[in-house]
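Residues 165 to 599 in our numbering are what the sequence shown lists, from first letter to last.
All C-beta atoms in this analysis are idealised placements derived from N, C-alpha and C, irrespective of residue type, glycine included.
It should be emphasised that the depicted structure is a prediction, and the values quoted were computed from it without experimental measurement.
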Amino acid sequence: MPKVTKEDALLYHSKGRKGKVEVIPTKPYSTQTDLSLAYTPGVAFPCLEIEKDPEKAYDYTAKGNLVAVISNGTAVLGLGDIGTLAGKPVMEGKGLLFKVFADVDVFDIEVDEKDPGKLIEFCRQIAPTFGGINLEDIKAPECFEVETVLKEILDIPVFHDDQHGTAIISGAGLLGALELTGKKIDEIKMVVNGAGASAISCSKLYVSLGVKRENIVMADSKGVLNRQRKDLNIHKQEFATDRKINTLAEALVGADLFLGLSVANVVTKEMVRTMAPNPIVFAMANPNPEISYDEAMESRDDLIFATGRSDYPNQINNVLGFPFIFRGALDVRATTINEEMKMAATHALYELVKQPVPDSVAKAYNVDKLEFGRKYIIPKPLDPRLISYVASAVARAAIETGVAKDTIDDWDAYKKSLSKRTSEHIANIAKITGL
């Protein structure tokens with residue numbers, strides 16, 4: 165993969181039409197009749213229908229396929245609290261990914277508000293416009309409150325991707341890695357470095373998958389979260405260990421799984437060598453992992469290693485989740501994204517990675533063959549089967565758990581329709597990548 169330079173990135177964002185997204189009409193507008201139907205006087209008729217029955221908004225407006233990507237810029241990628249305006253390129257990028265991979269339309273909304281109560285109220289007030297809300301790059305612990313309250317007061321899906329996206333994708337990778345190593349999930353010892361939104365959400369989902377909470381040791385920048393520490397908020401207290409250990413190095417001795425959601429270069433080769441046989445290391449600090457790929461591979465030959473980077477095997481990439489999770493939720497008009505829907509997405513990714521991979525996908529990544537193994541524990545983002553696997557699993561879970569207002573009778577037809585929604589975008593990618 166060619167190196168991304170500052171010059172190339174700035175040119176990409178500034179060349180031609182500025183930014184990465186635009187709004188285009190979906191109805192004819194070339195005649196006076198078209199314009200009269202689009203606006204006055206014709207527009208009054210759908211307005212009055214919606215006044216009588218608010219659910220008609222899904223029939224007469226774009227609400228049902230429109231997601232708000234909302235951020236206050238307090239935890240942008242690996243850049244931190246850079247502010248709302250500086251975070252806008254990321255939110256536009258999120259909109260691009262939603263559209264390309266799942267045909268979901270997006271308005272990115274950058275809100276200059278750090279007070280969680282006021283941010284919640286803002287989201288509540290604009291919610292009627294949207295079929296769903298994707299919260300993005302809001303720092304912990306405020307993000308927990310914002311999402312929790314919005315899920316309670318709104319009847320549309322609300323999803324904080326920084327928490328749940330990473331958890332869902334890495335959870336699927338964990339299931340694959342455990343199958344390859346023959347380890348049982350309820351027996352593994354897990355070490356987490358980082359105690360923010362992603363780390364806590366990942367840990368909770370892993371517990372739902374079967375990891376025992378008492379087998380988890382979590383550390384932050386000050387060391388291991390243990391009972392002796394008096395500076396832990398309620399979210400960190402949930403993962404405080406009873407073990408009398410204080411450092412990451414101590415915690416890693418005999419560990420089966422390392423989950424890194426922190427900063428670069430905090431894990432050494434020597435630390436990896438102290439882990440249990442066939443260790444699993446998910447080093448996902450962005451943009452540089454807790455231990456580099458080369459150092460990790462040099463540390464031992466029985467390692468399964470994953471990062472958030474696209475230039476190494478086993479990329480834990482949120483684009484494998486959020487577009488398809490919202491696609492499935494929107495298609496059945498789900499009122500929320502619940503735990504069952506998240507678990508369905510995790511298991512769908514795990515099932516897909518074990519299926520034979522089309523040669524065209526391998527070609528897109530410049531490899532001769534892709535098959536389930538230590539260097540392929542999670543599907544690739546350009547796999548065109550993702551939308552039919554993940555979105556349909558999420559939609560089915562929504563229906564089965566009673567949070568869907570619509571249903572799907574013909575699942576085969578639905579899966580085919582999903583593939584068609586993104587075929588044009590995948591084709592455009594194919595022209596560039598050789599897919």
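Would you call residue i buried or exposed, if buried means 16 or more other Cβ atoms sit within 10 Å of its Cβ?
i      : result
Pro451 : exposed
Asp657 : Because residue 657 is not part of the residues shown, which for the chain are 165 to 599, the question remains open.
Thr312 : exposed
Tyr553 : buried
Thr330 : buried
Asp326 : buried
Asn530 : exposed
Glu316 : exposed
Thr190 : exposed
Lys584 : exposed
Leu212 : exposed
Thr510 : buried
Ile455 : buried
Tyr203 : exposed
From the DSSP output, in three-state form, read off residue i for me.
i      : result
Phe536 : coil
Asp523 : helix
Val275 : coil
Ile398 : helix
Leu389 : coil
Asn298 : strand
Ile380 : strand
Ala202 : helix
Asp570 : coil
Leu599 : Interpretation of Leu599 is limited by its pLDDT of 42, a score under 50 that renders its predicted location unreliable; the figure taken from the coordinates is listed afterwards. Leu599: coil per DSSP, three-state reduction.
Val310 : helix
Val322 : strand
Gly244 : strand
Val531 : coil
Thr586 : helix
Thr293 : helix
Asp406 : coil
Asp269 : strand
Ala239 : coil
Ile498 : First, the amino acid is wrong: residue 498 is Ala here, not Ile. DSSP places Ala498 in strand when its eight states are reduced to three.
Grab the span of the beta strand (DSSP E) containing residue i for me, first residue to last.
i      : result
Asp326 : Careful: Asp326 lies outside any beta strand (DSSP E), inside the alpha helix (DSSP H) at 325-345.
Asp547 : Careful: Asp547 lies outside any beta strand (DSSP E) and carries neither H nor E.
Ala232 : 230-235
Could you tell me the distance, in whole angstroms, from the CA atom of residue i to the CA atom of residue j?
i      : j      : result
Ile297 : Asp350 : 34 Å
Ile139 : Ala562 : The structure shown has nothing for residue 139, since the chain only spans 165 to 599.
Gly281 : Leu582 : 37 Å
Val231 : Pro292 : 11 Å
Lys353 : Ser178 : 47 Å
Ala363 : Leu243 : 17 Å
Gly387 : Thr411 : 5 Å
Gly537 : Ile489 : 25 Å
Leu599 : Leu261 : Since pLDDT at Leu599 reaches only 42, below the 50 mark, its modelled position is unreliable, and the value read off the structure follows with that caveat. The straight-line gap from Cα to Cα measures roughly 18 Å.
Lys220 : Pro205 : 19 Å
Glu285 : Val371 : 32 Å
Lys184 : Ala413 : 43 Å
Ser426 : Asn482 : 17 Å
Lys263 : Thr345 : 37 Å
Tyr176 : Leu299 : 25 Å
Glu186 : Ile480 : 28 Å
Phe421 : Tyr193 : Looking at the sequence itself, residue 421 is Leu, so the reference to Phe does not match. The straight-line gap from Cα to Cα measures roughly 57 Å.
Glu277 : Phe308 : 16 Å
Ser367 : Val270 : 29 Å
Over the uninterrupted alpha helix (DSSP H) stretch that includes residue i, give me the two end residues.
i      : result
Met435 : 433-437
Met354 : First-last for Met354: 354-357, but that is the beta strand (DSSP E), not the alpha helix (DSSP H).
Ser365 : 361-373
Gly257 : 248-266
Asp172 : 170-178
Leu513 : 503-517
Phe209 : 208-216
Ser194 : Counting along the chain, Ser194 falls outside any alpha helix (DSSP H), and DSSP gives it neither H nor E.
Ile541 : Where Ile541 is concerned, there is no enclosing alpha helix (DSSP H), given that its DSSP letter is neither H nor E.
Val558 : 556-564
Asp223 : 221-224
Any heavy atom of the ligand PLP within a distance shorter than 6 Å of the CB on residue i?
i      : result
Leu339 : Ligands are entirely absent from the displayed structure, and the ligand PLP is therefore not among its contents.
Ignoring anything shorter than 4 residues, give me the alpha helix (DSSP H) runs that lie fully in the segment 417-493, in order along the chain. 433-437, 457-463
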